[in-house]
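Worksheet for the structure shown next.
There are 2 protein chains.
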Amino acid sequence: MTHSLEGYIYHNLLNPSLEEAHDAVKESLTRTLLLTLIGLCQVSYQGRASSELDWGDRLIVIKPDGSVLIHQSQGYEPVNWQPPGSIINTQLSEGYLVIKAIRRKPAEELIIRFTKVYALTSAKLFDTSKIEMHLTEEELRQVILENPHLVEEGLRPVAKEWGDFSGFIDIFCRDKNGNLVVLELKNEVADQQAVSQLYRYVSSIKKVSPLVRGIIVAPRITKEARRLLMTLGLEFKQVNLSKCRSLLQKSKDSQSKLL
Amino acid sequence: MTHSLEGYIYHNLLNPSLEEAHDAVKESLTRTLLLTLIGLCQVSYQGRASSELDWGDRLIVIKPDGSVLIHQSQGYEPVNWQPPGSIINTQLSEGYLVIKAIRRKPAEELIIRFTKVYALTSAKLFDTSKIEMHLTEEELRQVILENPHLVEEGLRPVAKEWGDFSGFIDIFCRDKNGNLVVLELKNEVADQQAVSQLYRYVSSIKKVSPLVRGIIVAPRITKEARRLLMTLGLEFKQVNLSKCRSLLQKSKDSQSKLL
DNA sequence: TATTAAGTATGGGTG
DNA sequence: CACCCATGCTTAATA
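Just so you know, the sequences run in chain order A and B. Everything in the first sequence is counted per my numbering, starting at 57 for the first residue and increasing by one. Everything in the second sequence is counted per my numbering, starting at 57 for the first residue and increasing by one.
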């Protein structure tokens with residue numbers, strides 16, 4: 057059985073001939089599908105290192121982005137691989153089904169020779185999700201609004217936004233000395249862009265309120281962002297997202313009790 | 057279609073119901089097979105870090121050693137995973153097919169929930185091969201015997217073995233000063249064991265020939281092995297296996313020409 | 001078993 | 001494109 061059908065599976069072949077497997081691999085490559093093969097193969101790699109893997113049964117995964125993974129039945133790591141961006145082609149040669157994955161810079165070549173394919177599956181994956189941090193920025197904002205002491209003792213939120221600069225997830229506060237403080241929240245690593253955004257923000261406000269402070273609130277910050285932050289006279293406060301998550305949960309629980 | 061048949065494939069299901077998929081996963085786990093699933097799933101991880109991966113199509117690989125890999129259609133790295141040795145179980149719960157992989161020390165939990173399985177394949181892989189270096193130690197020995205200058209200028213092999221110490225793949229030489237030199241060959245990284253073996257060798261010979269030298273010949277050496285080597289007064293000579301390979305090829309070519 | 005170093009590390013931020 | 005750095009790094013070597 058082959059070709060588009062139910063679900064997103066294009067090919068699902070059991071013990072195909074090498075010719076059938078070759079056709080399916082070719083079609084998977086032109087359609088840029090995810091391809092998995094289980095078969096008896098031999099692998100040779102030359103590039104940053106060199107290796108030969110003698111005949112044995114393995115799982116091969118070829119991804120639409122040109123990644124190739126060769127897995128044995130043990131271990132987290134593939135025994136051989138090729139990174140994303142590799143150019144992949146296939147041929148029938150000397151009685152083998154051959155799949156080559158080539159990369160330039162660094163020059164690397166991976167050659168897989170099959171004498172037998174036990175199973176072949178290809179599919180189109182629909183997956184728009186990215187790995188998510190524990191909290192959305194909106195949730196982090198809620199936690200900080202309810203627990204400003206996480207950033208600094210004596211901090212009091214005074215307004216959620218500031219006229220002209222809406223659209224950013226920021227919080228305005230006054231510190232224990234009564235000075236204005238702008239918080240910029242990030243639910244993942246804060247980079248230089250975050251720092252310069254906060255800087256533009258803060259320097260605009262300085263014209264009105266010269267003693268304004270700016271603090272990046274994030275689980276972590278890149279080294280260069282931290283350096284820029286210091287030269288611009290801004291501040292960084294690390295927050296533990298797991299801690300914030302549990303505070304958010306407590307807050308939700310107490311709200312539902314009140315209902 | 058399910059259960060043992062041709063080749064080494066046990067299950068090969070296309071768009072199974074969650075019940076069918078669950079049964080196949082259970083059987084794959086008890087039989088310790090390699091299992092691949094393509095399906096619509098949601099993933100949550102808690103352990104050294106925390107993450108949530110929202111609904112999307114992915115490839116899941118579960119290995120006989122307890123490794124779990126969750127791959128999206130891009131990238132070399134799995135988006136989520138569990139290392140070898142994890143304890144894996146499956147259940148049907150709240151309309152989902154749930155697969156959990158748990159590890160103690162460090163405590164980690166990976167939970168995969170499927171609403172739809174497009175394809176499921178399980179197989180027994182027969183694979184005794186390990187990844188091989190470019191040269192066997194016997195081939196490396198041949199290359200060094202024919203090209204002793206690769207180790208040191210003026211080196212001359214004098215005997216392949218030394219009475220009492222046979223059984224090791226080593227080479228005896230005299231250097232340009234006529235002193236005895238013992239070579240210990242390794243076709244991969246030389247470790248402390250290799251160094252101490254060479255040391256035992258050399259110190260025995262020292263009783264007869266006090267000026268004997270010992271050299272490890274290998275593509276590389278571990279840091280600790282190098283430290284030990286220096287304290288024991290031994291030497292290390294790095295060889296390029298690719299270069300050795302081409303020299304071996306040349307040698308074979310010239311031999312076949314003579315025939 | 002814990003610690004340290006190596007890897008075809010990979011992947012992201014930055015200049 | 002190059003470099004530097006973090007990673008749920010993983011894995012092997014070593015104390």
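Heads up, the beta-carbon is just placed ideally off N, CA and C, and yes, glycines get one too. None of these values were measured; they are calculated from a predicted model.
Worksheet item: If we ignore side chains and look at the alpha-carbon of each, how far apart do E83 (chain A) and P140 (chain A) end up?
Response: The count along the first sequence starts at 1 and reaches residue 83 (chain A) at position 27. The count along the first sequence starts at 1 and reaches residue 140 (chain A) at position 84. E83 (chain A) and P140 (chain A): Cα-Cα distance of roughly 19 Å.
Practice prompt. Can you tell me which of A:K232, A:F228 and A:E209 puts its alpha carbon nearest to the alpha carbon of E240 (chain A)?
Written response: Here residue 240 (chain A) is taken as the residue at index 184 of the first sequence, counted from 1. When each option's Cα is compared against that of E240 (chain A), the closest is A:F228.
Worksheet item: What is the DSSP secondary structure of P213 (chain A), reduced to helix, strand or coil?
Response: In the first sequence, the residue the question calls residue 213 (chain A) occupies position 157. Note: P213 (chain A) maps to strand in three-state DSSP.
Item to complete: Out of B:K299, B:L90, B:V81 and B:L166, state which residue places its alpha-carbon closest to the alpha-carbon of Q147 (chain B).
Response: Position 91 of the second sequence, counted from the first residue, corresponds to residue 147 (chain B). The option with the nearest alpha carbon to Q147 (chain B) is B:V81.
Item to complete: Return the chain-ordered list of same chain residues with a C-beta closer than 6 Å to the C-beta of Q102 (chain B), the five sequence neighbours on each side being excluded.
Response: As a first step, residue 102 (chain B) is located in the second sequence; it is residue number 46 there, counting from the start. If we look at Q102 (chain B) and ignore the five residues flanking it on each side, its Cβ neighbours are E165.
Worksheet item: Quick one: is T86 (chain A) near chain B, going by C-beta distance under 9 Å?
Response: Here residue 86 (chain A) is taken as the residue at index 30 of the first sequence, counted from 1. Chain B contact via Cβ: absent.
Worksheet item: Can you find a CB in chain A that lies within less than 9 Å of the CB of V135 (chain B)?
Response: Reading the second sequence from its first residue, position 79 is the one you call residue 135 (chain B). Interface residue, yes.
Discussion item. Measuring alpha carbon to alpha carbon, tell me which residue in A:S185, A:T86 and A:I126 is nearest G112 (chain B).
Written reply: Residue numbering aside, residue 112 (chain B) sits at position 56 when the second sequence is read from its first letter. Closest option to G112 (chain B), Cα to Cα, is A:S185.
Worksheet item: Is F182 (chain A) close to chain B, meaning its C-beta is less than 9 Å from at least one C-beta of that chain?
Response: Looking up residue 182 (chain A) in the first sequence gives position 126. So, interface residue.
Worksheet item: Is it the case that the Cβ atoms of N145 (chain A) and L85 (chain A) are separated by a distance below 9 Å?
Response: The count along the first sequence starts at 1 and reaches residue 145 (chain A) at position 89. The count along the first sequence starts at 1 and reaches residue 85 (chain A) at position 29. Yes, these two residues count as a Cβ contact at 9 Å.
Discussion item. Tell me the rounded alpha-carbon separation between S265 (chain B) and L236 (chain B).
Written reply: Numbered from its first residue, the second sequence carries residue 265 (chain B) at position 209. Numbered from its first residue, the second sequence carries residue 236 (chain B) at position 180. Computed Cα separation, rounded: 8 Å.
Worksheet item: Can you list, in chain order, the residues of its chain whose CB lies under 8 Å from that of S307 (chain A), leaving out five sequence neighbours each side?
Response: For the purposes of this step, residue 307 (chain A) is taken as the residue at position 251 of the first sequence. These residues qualify, in order along the chain: Q198, V199 and E202.
Fill in: Helix, strand or coil at H205 (chain A) according to DSSP, with G and I counted as helix
By 1-based counting over the first sequence, the position of residue 205 (chain A) is 149. The answer is helix: DSSP assigns H205 (chain A) an H, G or I state.
Fill in: Start-to-end residues for the beta strand (DSSP E) that takes in Y152 (chain A)
Start at 1 with the first residue of the first sequence, and residue 152 (chain A) comes out as number 96. Looking at the DSSP string, the run of the beta strand (DSSP E) that includes Y152 (chain A) is Y152 to R159.
Discussion item. Please report whether the beta-carbon of R160 (chain A) lies at a distance below 9 Å from any beta-carbon of chain B.
Written reply: Locating residue 160 (chain A) in the first sequence gives position 104, where the first residue counts as 1. Cβ-Cβ to chain B under 9 Å: no for R160 (chain A).
Practice prompt. Taking 9 Å as the cut-off, decide whether the C-beta atoms of I277 (chain B) and S178 (chain B) are in contact.
Written response: Reading the second sequence from its first residue, position 221 is the one you call residue 277 (chain B). Reading the second sequence from its first residue, position 122 is the one you call residue 178 (chain B). No, the Cβ-Cβ distance between I277 (chain B) and S178 (chain B) is not below 9 Å.
Worksheet item: What residue does the alpha helix (DSSP H) around Q138 (chain A) start on, and which one ends it?
Response: Within the first sequence, the letter at position 82 stands for residue 138 (chain A). Unbroken run through Q138 (chain A) is the beta strand (DSSP E), N136 to Q138; no alpha helix (DSSP H).
Worksheet entry | Near-chain B residues of the stretch 114–129 of chain A (beta-carbon distance less than 8 Å), N- to C-terminal order | R114, L115, V117, K119, P120, D121, S123, L125, H127, Q128 and S129
Worksheet item: Which of the three DSSP states, helix, strand or coil, is assigned to K262 (chain B)?
Response: To locate residue 262 (chain B), count along the second sequence from 1; it is residue 206. Three-state result, K262 (chain B): helix.
Worksheet item: Touching or not, the stretch 89–98 of chain B and the stretch 108–126 of chain B, by the rule of three or more beta carbon pairs under 8 Å?
Response: yes
Practice prompt. Taking the CB atoms as reference points, tell me whether R159 (chain B) and I143 (chain B) lie closer together than 9 Å.
Written response: The residue you call residue 159 (chain B) lines up with position 103 of the second sequence. The residue you call residue 143 (chain B) lines up with position 87 of the second sequence. Yes; because the gap between Cβ atoms is below 9 Å, this pair is in contact.
Discussion item. Tell me the rounded alpha-carbon separation between V341 (chain A) and V214 (chain A).
Written reply: With chain A covering only 57 through 315, there is no way to say anything about residue 341 (chain A).
Discussion item. On the CB-based measure, 16 or more other CB atoms within 10 Å of its CB, does N233 (chain A) come out buried or exposed?
Written reply: The residue given as residue 233 (chain A) occupies position 177 in the first sequence. Exposed: under 16 other Cβ atoms inside 10 Å.
Worksheet item: From B:L181, B:G151, B:V245 and B:K180, pick the residue whose C-alpha is nearest to that of T192 (chain B); which is it?
Response: Taking the first residue of the second sequence as position 1, residue 192 (chain B) is located at position 136. That would be B:V245, whose Cα lies nearest to the Cα of T192 (chain B).
Worksheet item: Would a check of beta-carbon distances place G151 (chain B) closer than 9 Å to chain A?
Response: Taking the second sequence and counting its residues from 1, one reaches residue 151 (chain B) at position 95. By this cut-off, G151 (chain B) is not an interface position.
Discussion item. With a threshold of 7 Å on Cβ separation, who are the neighbours of Y152 (chain B) within its own chain once the five nearest residues in sequence on each side are excluded?
Written reply: In the second sequence, the residue the question calls residue 152 (chain B) occupies position 96. Answer for Y152 (chain B): R169, F170 and T171, listed in chain order.
Discussion item. DSSP three-state label for H190 (chain B), please.
Written reply: Position 134 of the second sequence, counted from the start, is the residue given in the question as residue 190 (chain B). Three-state DSSP puts H190 (chain B) in coil, outside helix and strand.
Practice prompt. Assign F182 (chain B) to buried or exposed, taking buried as 16 or more other Cβ atoms, counted over all protein chains shown, within 10 Å of its Cβ.
Written response: Within the second sequence, the letter at position 126 stands for residue 182 (chain B). With fewer than 16 Cβ atoms within 10 Å of its Cβ, F182 (chain B) is classed as exposed.
Worksheet item: Hey, would you say S298 (chain A) sits closer than 9 Å to H190 (chain A), going by beta carbons?
Response: Translated into positions along the first sequence, residue 298 (chain A) becomes position 242. Translated into positions along the first sequence, residue 190 (chain A) becomes position 134. Contact: yes.
Worksheet item: For H78 (chain B) and chain A, any beta-carbon pair shorter than 9 Å?
Response: Translated into positions along the second sequence, residue 78 (chain B) becomes position 22. Output row for H78 (chain B): interface = no.
Worksheet item: Near P120 (chain B), what residues of its chain come up, given a Cβ to Cβ distance below 7 Å and the 5 sequence neighbours on each side ignored?
Response: In the second sequence, counting from the first residue as 1, residue 120 (chain B) sits at position 64. Closer than 7 Å at the Cβ level, and outside the excluded window around P120 (chain B), lie T88, L89 and L90.
Fill in: From A:S123, A:E108 and A:S129, residue whose alpha carbon lies closest to that of I118 (chain B)
Translated into the one-based positions of the second sequence, residue 118 (chain B) becomes position 62. It is A:S129 whose Cα lies nearest to the Cα of I118 (chain B).
Worksheet item: List, in order along the chain, the chain A residues whose C-beta lies closer than 7 Å to that of E108 (chain B)?
Response: Here residue 108 (chain B) corresponds to residue number 52 of the second sequence, with the count starting at 1. Within 7 Å Cβ-Cβ: E188.
Worksheet entry | Short CB-CB distance (under 9 Å) between I65 (chain B) and chain A | Along the second sequence, one-based indexing puts residue 65 (chain B) at 9. Yes, contact with chain A.
Fill in: Sheet register partners of Y257 (chain A) (DSSP bridge)
Numbered from its first residue, the first sequence carries residue 257 (chain A) at position 201. Bridge partners of Y257 (chain A): none, in fact.
Worksheet item: Should A175 (chain B) be flagged as near chain A, meaning a C-beta pair shorter than 9 Å?
Response: For the purposes of this step, residue 175 (chain B) is taken as residue 119 along the second sequence, with counting starting at 1. For A175 (chain B), the answer is yes, since a Cβ of chain A falls inside 9 Å of its Cβ.
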